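Reviewing the structure listed below.
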Amino acid sequence: MSRRVRLLVAYDGRRFHGFAPNHHVRTVHDTLTAAVETVVREPVRLAGAGRTDAGVHAWGQVVSGDLPDGVDLDGLVRRLNKLCAPDIAVRAADWVDDDFHARFSARWRQYRYDVWNATTPNPLMLGRAWWVAHPLDVEAMRAGVAPLLGEHDFSSFCRRVRVTDDQPERTRVRRVIAATWTELEARTVAPGLTEAAADSDRDGGSVGDLYGDGRRLRFEIRANAFCHQMVRSIVGTLVDVGLGRLGAAEVPVILAARSRDAAGRVAPPGGLVLWQVSYQEPTAGHPAS
């Protein structure tokens, strides 16, 4: 007899070719599945809430599947973390109703995207943020967010998924519940330094302050669902707005065009994190909660 389990999973996406199963390359799904099968000693089928791309990270990915009902979940978490470390961490596990599905039961997902805005790169943010060397107008980027709120056809911001001739075109209508740009706190101590060490070090070169020579900007967006490359395309377009290559007033025009050619570039994957998946009804407001 089996029971449905829900796993809360975090991972560093740099050494994976995305989440989705693919027997030809290393993926999060296949690595986690193999580890679970090693622990429970029988085949399992797992499903994730989001199919993150290669290089994309997660803190709040949710995975569901059926396991033998005698499995000790605390022991499962401990063993999975030994088998999957350091790239994957199972943060929690709990039994849920049999009709629960990580993907189809989800009410909304939230992503974060970090941008390092400075004339010089920050090696400590390698694979964690997109380095943009030229100054960004954050207020213009915030103005560009407003037209994206609500329910729209996001074809301009989504990579088209190929379908066979006998299949209908997949809808790219999504409902964005909240989205915002923020500038993170400038005073952040580098790993291994105390506050006092950072203060003394700042006078001699500012290496104790991670943001001493630049700004770390964060885009957060919450929606009922996302289509392929939607967040990265939105970020790339809004960064173009911040650089003055596009105007904030052009964003609704891009949205209405329903053509990928109308939008800006696709931001690199390293700055993106699947932050949270919720199974409660969505409420409007700031997505950082």
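Reminder that position 272 of the sequence shown reads as 263 in our numbering, one-by-one numbering, no gaps. In this text, a Cβ means the ideal position worked out from N, Cα and C, and glycines have one as well. Being a predicted model, the structure only gives us computed values, none of them experimental.
> What are the boundary residues of the beta strand (DSSP E) that includes L37?
Replying inline: Taking the first residue of the sequence shown as position 1, residue 37 is located at position 46. Start and end: 37 to 39.
>> If you follow the beta strand (DSSP E) that P59 is in, where does it begin and where does it stop?
In response: As a first step, residue 59 must be located in the sequence shown, where it is residue number 68. Counting along the chain, the unbroken beta strand (DSSP E) around P59 starts and ends at 48 to 59.
> What are the start and end residues of each continuous alpha helix (DSSP H) run of 4 or more residues lying completely inside the segment 63 to 107, in chain order?
Replying inline: Counting whole runs of 4 or more residues, the segment 63 to 107 contains the alpha helix (DSSP H) stretches 64 to 75.
> Terminal residues of the continuous beta strand (DSSP E) containing D204?
Replying inline: Here residue 204 is taken as the residue at index 213 of the sequence shown, counted from 1. Neither: D204 is in no beta strand (DSSP E) and is coded neither H nor E.
>> Could you check whether Y270 and F91 sit closer than 9 angstroms to each other, using their CB atoms as the reference points?
In response: Along the sequence shown, one-based indexing puts residue 91 at 100. Along the sequence shown, one-based indexing puts residue 270 at 279. Taking C-beta atoms as the reference points, F91 and Y270 count as a pair closer than 9 angstroms.
>> I'd like the list of long-range same chain contacts for T110, defined as Cβ closer than 6 angstroms, with 5 residues on each side in sequence excluded.
In response: The residue given as residue 110 occupies position 119 in the sequence shown. Contacts found: A124.
> Using the beta-carbon count (16 or more within 10 Å), is G262 buried or exposed?
Replying inline: Stepping through the sequence shown from its first residue, residue 262 is reached at position 271. It counts as buried.
> Taking just the CA atoms, how far does T18 sit from A245?
Replying inline: Taking the sequence shown and counting its residues from 1, one reaches residue 245 at position 254. Taking the sequence shown and counting its residues from 1, one reaches residue 18 at position 27. Before going on, a small fix: residue 245 reads as Ile here, not Ala. Our two residues, I245 and T18, have alpha carbons roughly 33 angstroms apart in a direct line.
> Which of helix, strand or coil does DSSP assign to A170?
Replying inline: What you label residue 170 is simply residue 179 of the sequence shown in a count that begins at 1. If DSSP states are grouped into helix, strand and coil, A170 belongs with the strands.
> To the nearest angstrom, how far is it from the Cα of L175 to the Cα of G205?
Replying inline: For the purposes of this step, residue 175 is taken as residue 184 along the sequence shown, with counting starting at 1. For the purposes of this step, residue 205 is taken as residue 214 along the sequence shown, with counting starting at 1. Counting only the Cα atoms, G205 lies some 11 angstroms from L175.
>> Can you give me the C-alpha to C-alpha distance between D63 and L71, rounded to a whole angstrom?
In response: Within the sequence shown, the letter at position 72 stands for residue 63. Within the sequence shown, the letter at position 80 stands for residue 71. Distance between the alpha carbons of D63 and L71: 12 angstroms.
> Which partner residues of Q267 appear in the DSSP bridge assignment?
Replying inline: Counted from its first residue, the sequence shown places residue 267 at position 276. DSSP output for Q267 lists Q101 as bridge partner(s).
> Between the C-alpha atoms of V242 and A253, what's the straight-line distance to the nearest angstrom?
Replying inline: By 1-based counting over the sequence shown, the position of residue 242 is 251. By 1-based counting over the sequence shown, the position of residue 253 is 262. Cα-Cα distance, rounded: 10 angstroms.
> Per DSSP, what kind of secondary structure is R119 in: helix, strand or coil?
Replying inline: As a first step, residue 119 must be located in the sequence shown, where it is residue number 128. It is coil, neither helix nor strand.
>> Among C218, F145, G238, R236, whose alpha-carbon lies nearest the alpha-carbon of R249?
In response: Within the sequence shown, the letter at position 258 stands for residue 249. Distances from the CA of R249 to each of C218, F145, G238, R236 were compared; the closest alpha carbon is that of F145.
> From H15, T29, S(-7), G41, pick the residue whose C-alpha is nearest to that of V0; which is it?
Replying inline: By 1-based counting over the sequence shown, the position of residue 0 is 9. When only C-alpha atoms are compared, the closest one is G41.
> Just how far apart, CA to CA, sit H15 and D21?
Replying inline: Your numbering for residue 15 matches position 24 in the sequence shown. Your numbering for residue 21 matches position 30 in the sequence shown. Going from the Cα of H15 to the Cα of D21 covers about 10 angstroms.
>> Could you give the first and the last residue of the continuous alpha helix (DSSP H) run that contains H20?
In response: Residue mapping note: residue 20 aligns to position 29 of the sequence shown, counting from 1. Looking at the DSSP string, the run of the alpha helix (DSSP H) that includes H20 is 19 to 31.
>> Can you list, in chain order, the residues of its chain with a C-beta nearer than 7 angstroms to that of L234? Leave out the 5 residues immediately preceding and following it.
In response: For the purposes of this step, residue 234 is taken as the residue at position 243 of the sequence shown. For L234, where only same-chain residues beyond five positions count, the Cβ hits under 7 angstroms are H125, L127.
> Are there 16 or more other CB atoms within 10 angstroms of the CB of E272, so buried, or fewer, so exposed?
Replying inline: As a position in the sequence shown, residue 272 is number 281, starting the count at 1. Classification for E272: exposed.
> Would DSSP call R249 helix, strand or coil?
Replying inline: Within the sequence shown, the letter at position 258 stands for residue 249. Taken through DSSP and simplified to helix, strand or coil, R249 comes out as coil.
>> By the DSSP assignment, the beta strand (DSSP E) with L(-1) in it spans what residues?
In response: Your numbering for residue -1 matches position 8 in the sequence shown. Looking at the DSSP string, the run of the beta strand (DSSP E) that includes L(-1) is -7 to 2.
>> Could you check whether the segment 132 to 147 touches the segment 218 to 236, counting it as contact only if at least three pairs of C-beta atoms, one from each stretch, sit closer than 8 angstroms?
In response: The segment 132 to 147 is in contact with the segment 218 to 236.
> Is A216 helix, strand or coil by DSSP?
Replying inline: Taking the sequence shown and counting its residues from 1, the one referred to as residue 216 is at position 225. DSSP places A216 in the coil class of the three-state scheme, outside both helix and strand.
> Looking at the unbroken alpha helix (DSSP H) that takes in E241, where does it start and where does it end?
Replying inline: Position 250 of the sequence shown, counted from the start, is the residue given in the question as residue 241. Taken as a continuous stretch (DSSP letters only), E241 belongs to no alpha helix (DSSP H), as it is neither H nor E.
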